[in-house]
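Undergrad: Let me give you the structure first, and then I'll get to my questions.
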Amino acid sequence: MGISEDWGELLFSLNCLQKGSAKRQFRHAIRYAWGGFCAYCRDKRATTVDHLKPRCKGGSNLRSNLVPCCVECNHSKGSQDWEPWYKEQEFYSEVAHELITEWIDNKRYTNEREANEDQFDDRTKVCTDTCGIRSGTYEPTCA
Ligand SMILES: [Zn+2]
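In case it helps, this note's numbering puts the sequence shown at residues 729 to 871.
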């Protein structure tokens with residue numbers, strides 16, 4: 729745990745203070761924005777959270793750098809930056825690429841504030857399985 733990491737967490741927490749606990753708000757945001765699916769393959773249930781830009785490359789713990797992710801994608805991506813890795817995947821889709829880019833720019837955050845929890849973006853597939861992000865996140869080890 730370094731200073732910059734704690735700072736990132738603090739900013740994230742401050743951002744969420746008005747609507748209750750940061751963790752609850754984060755889970756709500758993830759459910760709203762991604763429908764319980766992995767942000768990359770959009771096929772498997774997300775059970776972990778991935779850093780788009782790996783922490784070992786200076787990626788933050790801010791919400792804009794975190795997406796829900798399935799175990800397979802998380803392991804496959806490892807400590808690479810998301811974009812070059814994602815473009816090489818069989819399941820690459822322009823829509824998903826656009827959604828992730830909007831997420832990074834916090835555009836999806838703005839929309840979510842005005843939206844009801846049950847109203848999903850029409851580009852978002854919704855997982856009908858019982859969804860849940862485990863509290864422990866998978867942390868790739870950096871080479
Ligand atoms: Zn996946």
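Glycine residues also receive a C-beta, built at the ideal position from the N, C-alpha and C atoms.
Just the residues with CB closer than 7 Å to a heavy atom of ligand 1, in chain order, which are they?
TA: Counting every residue whose Cβ lies closer than 7 Å to a heavy atom of ligand 1, we get C766, Y768, C769, D771, K772, C797, C798, E800 and C801.
Undergrad: From this set, E800, H803, S804 and P782, which residue's C-alpha is nearest L794's C-alpha?
TA: Against the sequence shown, residue 794 aligns to sequence position 66. Nearest of E800, H803, S804 and P782 to L794, Cα basis: P782.
Undergrad: Take W813 and list the residues in its own chain whose beta-carbon comes closer than 6 Å to its own, dropping the five residues that flank it on each side.
TA: The residue you call residue 813 lines up with position 85 of the sequence shown. Same-chain partners within the cutoff: K805.
Undergrad: Is it true that the CB of S792 sits closer than 7 Å to the CB of I832?
TA: Counting from one through the sequence shown, the residue named residue 832 turns up at place 104. Counting from one through the sequence shown, the residue named residue 792 turns up at place 64. Yes, they are a contact pair.
Undergrad: Can you tell me which residues form a DSSP beta bridge with R773?
TA: Position 45 of the sequence shown, counting from 1, holds the residue named residue 773. Answer by DSSP bridge pairing, in chain order: F765.
Undergrad: Using the Cα positions of D778 and C798, report the straight-line distance between them to the nearest angstrom.
TA: In the sequence shown, residue 778 corresponds to position 50, counting from 1. In the sequence shown, residue 798 corresponds to position 70, counting from 1. Distance between the alpha carbons of D778 and C798: 9 Å.
Undergrad: Does G730 pass the burial test, meaning 16 or more other C-beta atoms within 10 Å, or should it be called exposed?
TA: Numbered from 1 along the sequence shown, position 2 holds the residue referred to as residue 730. Unreliable positioning characterises G730 in this predicted model, as indicated by a pLDDT of 46, which lies under 50. The coordinate reading is nonetheless provided below. It is exposed - the Cβ of G730 has fewer than 16 other Cβ atoms within 10 Å.
Undergrad: Could you give the distance in angstroms between the alpha-carbon of L790 and the alpha-carbon of Y820?
TA: Counting from 1 along the sequence shown, the entry for residue 790 is found at position 62. Counting from 1 along the sequence shown, the entry for residue 820 is found at position 92. Approximately 24 Å, taken between the alpha carbons.
Undergrad: Could you check what DSSP says for N802 in three-state terms: helix, strand or coil?
TA: For this step, residue 802 is matched to residue 74 along the sequence shown. Three-state DSSP puts N802 in a helix.
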